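The next block holds one structure in the form of structure tokens; read it before the comments.
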Amino acid sequence: MNENNNLLVRLKDCGVQKSSKWIVKGISLEIHKGKIVTLIGPNGSGKTTTAKMALNILKSDEGSIENYSTKMAYVPQKISIDWTMPLRVIDFMNLTSHINKDEIIEALELTGVQHLIYNEIHNLSGGEFQRVLIARAIAKKPDLLVLDEPVQGVDFNGEIALYNLIKEICTKLNCGILLISHDLHFVMSATDHVICLNGHICCSGSPKSIVKNSSYIELFGEHNAATLSLYQHEHDHSHQTDGSVKN
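Converting from the sequence shown to this note's numbering requires adding 180 to each position, the first position being numbered 1.
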């Protein structure tokens with residue numbers, strides 16, 4: 181029974197085993213409405229596997245999963261698409277599930293790309309395409325949104341703008357977000373809770389506490405941790421939707 185109406189997913193001591201080898205083990209986490217949880221860690225550390233357990237795409241071989249989410253959405257790290265196909269944004273939004281035009285327009289407006297609705301997909305920039313992917317995911321207003329490396333292939337200002345967008349979506353839809361990212365600098369300013377993975381949970385907590393954790397420093401290095409601490413301390417400004425600094 182869900183005693184907390186804001187709780188969407190709870191993993192308790194979960195793990196996935198493949199060919200007698202544990203991909204991840206002993207994973208415990210909670211995702212709540214209106215909060216962003218970020219998974220960080222090196223390649224092969226089990227971030228995507230953990231996210232798929234939260235989505236019920238992968239069954240856990242140990243522990244337990246409680247899922248109270250009624251509507252989930254997932255933006256994978258990679259998507260297969262024929263870029264030579266003359267496919268407009270409005271058509272792409274409807275490829276896998278029926279979304280009516282009002283829902284499409286509302287989602288594109290929230291992600292800031294409504295003006296691209298009739299543009300062809302192959303003409304979009306990396307940042308524009310990521311916004312369309314996110315728009316498609318939120319069109320049905322999920323209460324749980326999982327984003328796997330959402331800023332991949334996006335330039336610096338575009339990364340800032342996308343992380344700002346993710347925070348805005350979390351607030352406006354009051355959804356829980358599970359974010360997978362290698363971009364530690366922006367993660368530290370855009371998340372409520374960080375979980376550092378390397379086949380297991382090395383450490384977890386608020387961004388401020390994580391950068392001082394010995395397990396985090398061991399995994400990412402003292403220089404990286406010091407840089408992130410400095411970034412967080414100095415990052416006392418906000419950004420425009422295009423990533424530029426507000427005056």
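Ideal Cβ positions, reconstructed from N, Cα and C, are used throughout, including at glycine.
This structure is a prediction, so every number in the text was calculated from the model and none was measured.
Using a 10 angstroms sphere on the CB of I349, the tally of other CB atoms reaches 16 or more, which defines it as buried.
The Cβ atoms of G307 and L267 lie no closer than 9 Å to each other. In this structure, the straight-line span from the alpha carbon of N186 to that of T264 is close to 43 Å. In the DSSP assignment, M233 falls within the unbroken alpha helix (DSSP H) covering 227–234. In summary, Q257 is exposed, with fewer than 16 beta-carbon neighbours lying within 10 Å of its beta-carbon over all protein chains present.
For I381, the secondary structure class from DSSP, reduced to helix, strand or coil, is strand. Residue H373 holds the alpha-carbon nearest to the alpha-carbon of G385 among G379, L235, H373, N247. Here E339 is buried: its Cβ has 16 or more other Cβ atoms, across all protein chains shown, within 10 Å. Residue environment analysis places G356 among the buried positions, since at least 16 neighbouring C-beta atoms fall within 10 angstroms of its C-beta.
For E398, the uninterrupted alpha helix (DSSP H) run begins and ends at 394–400, by DSSP. From the listed residues G243, A370, I301, I360, the smallest Cα separation to D262 is found for I301. Taken through DSSP and simplified to helix, strand or coil, G243 comes out as strand. Taking Q332 as reference, the option from L288, V255, A234, C194 with the minimal CA-CA separation is V255. Within the DSSP bridge table, the entry for Y254 names V326 as partners. For Q197, the enclosing beta strand (DSSP E) starts and ends at 187–198.
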